[in-house]
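Encoded as structure tokens, the structure appears first; notes follow it.
Number of protein chains: 2
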Amino acid sequence: MEHTPKPPPSGNASLEKGLALFNLIARDRGQTPLKELAAGLALPRSTLYRLINTLEGTGMITRLEHRRYDIGLPLAEALHGITPAGQLARLCRPALRQLASTCGATAHLGVMENDMVTYLVKESAPSVPAALSISVENTQLEAYCSGIGKVLLAWLPEAERARYLAGGPFVALTSRTITDPRQLRETLKTVKAEQFARDDGEIAEDLYCLAVPLLTGDQSVSAAISLTFTHARQKKHDDATYLAKLRACAARLSRASLANIQH
Amino acid sequence: MEHTPKPPPSGNASLEKGLALFNLIARDRGQTPLKELAAGLALPRSTLYRLINTLEGTGMITRLEHRRYDIGLPLAEALHGITPAGQLARLCRPALRQLASTCGATAHLGVMENDMVTYLVKESAPSVPAALSISVENTQLEAYCSGIGKVLLAWLPEAERARYLAGGPFVALTSRTITDPRQLRETLKTVKAEQFARDDGEIAEDLYCLAVPLLTGDQSVSAAISLTFTHARQKKHDDATYLAKLRACAARLSRASLANIQH
DNA sequence: TCCATAGTCCCATTATATGGGACTAATTTG
DNA sequence: CAAATTAGTCCCATATAATGGGACTATGGA
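Order-wise, the sequence lines are chains A and B.
Just so we're aligned, residue 3 is where the first sequence starts under this note's numbering, counting upward by one.
Just so we're aligned, residue 3 is where the second sequence starts under this note's numbering, counting upward by one.
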């Protein structure tokens, strides 16, 4: 038969072929006739249909009409309500919980959604008081004044960032909030250079926060994580300690999952 | 190795095992440790992890934390926004379009959603004028006065139907709308007995409609399809002709997809 | 009705999945 | 913090089960 050019960890070639086929169908949603779709796979007809049969038999796909296939109903039901954001949250939560715990702080995971930061995960160490009411999971906050927001802005494509900066106004939440677009632009430049962002009481007087990006394989960024402390607590240690932990966590998460988002 | 007790059409055993595993994971969402989950599959550890690896490698699943697996991010993205209802619509549309075309009428597919009928598909023959504005895809209508609604009500479990009937009031949309719960109950009994429902101007004076259920393997019903005519047109033929076509279409659709919703 | 293409079936060949068990890594426990 | 447990990986001989060429049948379009 054939030999896979890349056998990294042990796997199952048949399964792989079948899933490759499934992926094509799942992305195409029945627009392209099977023949064309499967052309790239270079499978003999015999094998191709064997795979199709099993895929259909297990409910992964359904025959739409002649030569058209789409995701199966059973699969749709099983996966109903699953969103990329939801998955990201599920995936990252354990690591963030641990991070928060070992740092005795609150950890967040956030993504950018139309110029606002959406907090997907918020995990606090047991020792952290109920404070930190500013953030709630699945709600949005302005990007310009939070650590996560600044990271996400800093890694945005230049054009996007320019558009954002031009879109003000940037309302001051505390006396330290950066409200001048030019100053914000400079800050973001530093963030990118130093690979982390700091929020020193810009969102609430007594909060201090460090944030780093979750880098994907191609160095783009789709999410960021942060550690938030009250000022009082932070004095005990310096940034370096926490940054190291943050980065370790980010690296782990990036490697674990984001890296393999190949479209 | 082992032999499958039931080899109906030709398939691929490896793929099947892999997908079985995937299905377990997809339904469990990382709640149960892998070991327990896979217990039912009776796979040797070696094989199990080989499958897990390719599943993960293709983005179908992700490692949440130790011994926990969940749907992969890439899959979540690919499938984002896919709903069971949407899938049902996609699956049935071609057949309904053809049905409408050969009958020179309008075909609908509807499901019950909290006591209302949601129309998932509306397909009209080219010859049908733009009329029939009463129904719009993805909008809801009362169940008691439409053909599809009556079918869905008729196949509801007894308790559910009783609750619905007690829930009135049933507003009259035309002079023929059935508004008396008792009369409605009798009508539904007839519908179940005759295996089809008729709507003779109960929703709009000039509309005539025939509806039949989409039966699943266990004879339960989750959806129904209908043919709608204007009164003028209907005079030409009798119900039997259209009912036959409707039932043929329903049988085809049931066989094609609904049958294999095994949870 | 005929043609083209989708989809199924058969079967000999051997590539490839299998699974037992040793081994390493990560966790949990004492 | 070390020991014990369990998760996950790797190896390899074996033969099962995937492969693919090609004949065959169903289906849909013209």
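Glycine included, each C-beta is placed from N, C-alpha and C at the ideal position.
From what residue to what residue does the beta strand (DSSP E) around residue i run?
{"i": "residue 94/B", "result": "That residue, residue 94/B, is in no beta strand (DSSP E); its alpha helix (DSSP H) goes 86-105."}
{"i": "residue 120/B", "result": "118-126"}
{"i": "residue 229/A", "result": "223-232"}
{"i": "residue 213/B", "result": "209-217"}
{"i": "residue 202/A", "result": "199-202"}
Please indicate yes or no: does the CB of residue i lie closer than 7 angstroms to some heavy atom of the ligand NAP?
{"i": "residue 112/A", "result": "This structure does not include the ligand NAP; it has no bound ligands of any sort."}
Please list, in chain order, all residues of the same chain as residue i whose beta carbon is under 7 angstroms from its beta carbon, the five residues on each side excluded.
{"i": "residue 207/A", "result": "176"}
{"i": "residue 170/B", "result": "183"}
{"i": "residue 36/A", "result": "69 and 71"}
{"i": "residue 193/A", "result": "152, 153, 156 and 199"}
By the criterion of Cβ-Cβ separation under 7 angstroms, what are the contact partners of residue i in chain A?
{"i": "residue 14/B", "result": "16, 20, 52, 53 and 56"}
{"i": "residue 82/B", "result": "85 and 86"}
{"i": "residue 215/B", "result": "What residue 215/B touches in chain A: nothing, since even the nearest Cβ is about 17 angstroms away."}
{"i": "residue 96/B", "result": "66 and 67"}
Along chain A, in chain order, which residues have C-beta atoms closer than 8 angstroms to that of residue i?
{"i": "residue 72/B", "result": "89, 92 and 93"}
{"i": "residue 32/B", "result": "92"}
Is it buried or exposed, residue i, if we count other Cβ atoms within 10 angstroms and call 16 or more buried?
{"i": "residue 185/A", "result": "exposed"}
{"i": "residue 72/A", "result": "buried"}
{"i": "residue 204/B", "result": "buried"}
{"i": "residue 165/A", "result": "exposed"}
{"i": "residue 149/A", "result": "buried"}
{"i": "residue 48/A", "result": "exposed"}
{"i": "residue 5/A", "result": "Its pLDDT being 34, under 50, residue 5/A is placed unreliably in this model, and the value from its coordinates should be taken loosely. When all chains shown are included, residue 5/A counts as exposed."}
{"i": "residue 195/A", "result": "exposed"}
{"i": "residue 91/A", "result": "buried"}
{"i": "residue 14/B", "result": "buried"}
{"i": "residue 137/A", "result": "buried"}
{"i": "residue 12/A", "result": "exposed"}
{"i": "residue 39/B", "result": "buried"}
{"i": "residue 76/A", "result": "buried"}
{"i": "residue 89/A", "result": "buried"}
My output table needs one value for residue i: the three-state DSSP class, helix, strand or coil.
{"i": "residue 147/B", "result": "coil"}
{"i": "residue 108/B", "result": "strand"}
{"i": "residue 15/B", "result": "helix"}
{"i": "residue 70/B", "result": "strand"}
{"i": "residue 193/A", "result": "helix"}
{"i": "residue 241/A", "result": "helix"}
{"i": "residue 79/A", "result": "helix"}
{"i": "residue 30/B", "result": "helix"}
{"i": "residue 153/B", "result": "helix"}
{"i": "residue 188/B", "result": "helix"}
Looking only at its own chain, which residues have a Cβ that is under 8 angstroms from the Cβ of residue i, when we skip the five neighbours before and after it?
{"i": "residue 101/A", "result": "109, 125, 227, 229, 247, 248 and 251"}
{"i": "residue 145/A", "result": "114, 117, 118, 119, 151, 152, 154, 155 and 166"}
{"i": "residue 56/B", "result": "20"}
{"i": "residue 98/A", "result": "109, 110, 111, 123, 125, 227 and 251"}
Report the neighbours of residue i on chain B: residues whose CB is nearer than 9 angstroms to its CB, in chain order.
{"i": "residue 25/A", "result": "60, 61, 62, 76, 77 and 80"}
Quick one: which chain B residues come within Cβ less than 7 angstroms of residue i?
{"i": "residue 253/A", "result": "In chain order: nothing, as chain B lies at least about 15 angstroms away."}
{"i": "residue 29/A", "result": "80"}
Taking the continuous alpha helix (DSSP H) assigned at residue i, which residues delimit it?
{"i": "residue 64/B", "result": "Residue 64/B -> not in any alpha helix (DSSP H); beta strand (DSSP E) instead, spanning 63-67."}
{"i": "residue 35/B", "result": "Unbroken run through residue 35/B: none, as it is neither H nor E."}
{"i": "residue 165/A", "result": "160-168"}
{"i": "residue 52/B", "result": "47-59"}
Leaving out five residues before and five after residue i in sequence, what residues of the same chain have Cβ atoms less than 6 angstroms from its Cβ?
{"i": "residue 9/A", "result": "Note that residue 9/A scores 36 on pLDDT, short of 50, meaning its location in the model is unreliable; the coordinates nonetheless yield the value given after this. Nothing meets the Cβ criterion."}
{"i": "residue 214/B", "result": "198, 248, 249 and 252"}
{"i": "residue 129/A", "result": "106"}
{"i": "residue 231/A", "result": "107 and 210"}
{"i": "residue 178/A", "result": "203 and 204"}
{"i": "residue 187/B", "result": "167"}
{"i": "residue 181/A", "result": "172 and 174"}
{"i": "residue 142/B", "result": "118 and 120"}
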